[in-house]
Every structure is written in structure tokens, then in C-alpha cells.
Amino acid sequence: MRLSTEAERDEDLAAQTIAAALDAGITVFDTARAYGQGETDLGHNERLLARALIRARAGAGALSRPRVITKGGMTRPAGAWVPDGRAKAILSDCEASLTALDGIPIDLYLLHAPDPRTPWRTSLRALQRLLDQGLIPHVGLSNINRAQLDEALGIVPVAAIEIALSIHDDRGLRAGLIERCEELGIVLIAHSPLGGPGRA
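Position 193, counted from 1, in the sequence shown is what the working numbering calls 177; the numbers after and before it change by one each time, with no gaps.
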């Protein structure tokens, strides 16, 4: 994320960082359509990741393909972070992410965050349509609570969730969300393990 959202980003250094991660054995990369500097920069991080992975693959020959997680359903008006859980926005974001990744498949597609202006079921049904259309193999949810997960389970197969988890933010633990994922075999991805950009 920070490779694309920083005001003074360095694309060469970002590509070197991704290459170094590959060399160190990192096999999963987590990106999002919204990771950029605003509404006109959507997809920047996905394009950056795709270029770096394609370059690394060309230099390594039989390099095994890393897994890519990306997220949609978030807009960036004037640099703000505003969820957009409308069905047409989720479909449009997914298609744009597939284009930005330049042929690199999306292994897991997450709804970036619930949209308080859109019924939760509308967003969930949109994720199911992505599966039905064969655009992606697995879907998940990001920045949710236990009630939202429980409602989702009756509408779409949730493969994973991504939530903030650190010594500064243990809401998912206290609210039973992590325990619920463990019960159901849902993969848990922790973001902001050092407390997020304001603390790290």
C-alpha cells in the first residue's frame, strides 16, 4: 500500500522492494484498486505489482507464481477513503483490477470495507456474481465485524477476512471474530500489525 500512497513515492525502489520480497520467499502479495494517491490514480499499486512480478518472472524462468490478493469497493475522492459497495462499482472495480494486473490472476478478491450507504446484502450478492461469472476463484471481506460476517455466510462463500490486528487494535479478538473464523475454517489475514501508518 505505502509503495503507492506516499506523496513522494519512488517506483524504482518499489519494484526493487517487490523483487527483494520474492527473493526472500514471499509468496502472497496484498494490494487494492484504491492504493494510490486519489481518484485519478486508482489501480496504481496493482499496475506496479504486475510490472514487478512480470519482470521477476522473466528473469527467473520457472519462478512459481505468487498469489495475489486485491480489494475493490473503495473510492478515493480528493484522496479520502470512501467505501462504495454498490453492485456496479464492485463489478467495475474487479474488471479494472484484472486489467491493471495485466494477466496475473487474482487468487482472492476482497470487499475493501462495508459501505454504510449500500445494503450489506447488495454488496455480498455482487461478490457472488463475480464468482458466478468466473472472474475470480475466491472472495472475502475486509474491515468487518462478526455480525457482518455471520450475515455474509448465508449469501456468499467467504474464503478469508482481513482485519486490523495489533497490540493497538484487538477488536477482532475481543469481539469473537477471530474465534468465529477459526470455527469455520475461514482464513484470517491481519493488516496493520504494527498499528497502521500513523504508528508504524
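From the three backbone atoms N, C-alpha and C, an ideal C-beta is built for every residue, glycine too. Model, not experiment: these values are computed from the prediction.
Which residue or residues does DSSP assign as beta-bridge partners of residue i?
i           : result
residue 124 : 94, 144
residue 67  : 58
residue 211 : Only positions -15 to 184 of the chain appear in the structure, and residue 211 is not among them; the question remains open.
residue 14  : 53
What is the DSSP secondary structure of residue i, counted as helix, strand or coil?
i           : result
residue 54  : strand
residue -5  : helix
residue 134 : helix
residue 117 : coil
residue 88  : coil
residue 0   : helix
residue 129 : coil
residue 83  : helix
residue 150 : coil
residue 178 : coil
residue 102 : coil
residue 21  : coil
residue 74  : helix
residue 33  : helix
residue 110 : helix
Looking at the C-beta of residue i, does it have a partner C-beta in chain B at a distance below 8 Å?
i           : result
residue 146 : Going by chain labels, chain B is absent from the structure shown, which holds only one protein chain.
Could you tell me the boundaries of the alpha helix (DSSP H) in which residue i lies?
i           : result
residue 157 : 155 to 158
Would you mind giving the Cβ-Cβ distance between residue i and residue j, rounded to the nearest angstrom? I have them listed as a contact below 8 Å.
i           : j           : result
residue 109 : residue 145 : That belief does not hold up - the Cβ atoms of residue 109 and residue 145 are roughly 18 Å apart, past 8 Å.
residue 54  : residue 83  : Their Cβ separation, rounded to whole angstroms, is 12 Å, which puts residue 54 and residue 83 out of contact at 8 Å.
residue 63  : residue 22  : 5 Å
residue 98  : residue 52  : Not quite, the Cβ-Cβ distance comes to about 23 Å (not below 8 Å), so this is no contact.
residue 142 : residue 149 : In fact, because the Cβ distance is near 17 Å, the residues do not count as touching under 8 Å.
residue 120 : residue 78  : 7 Å
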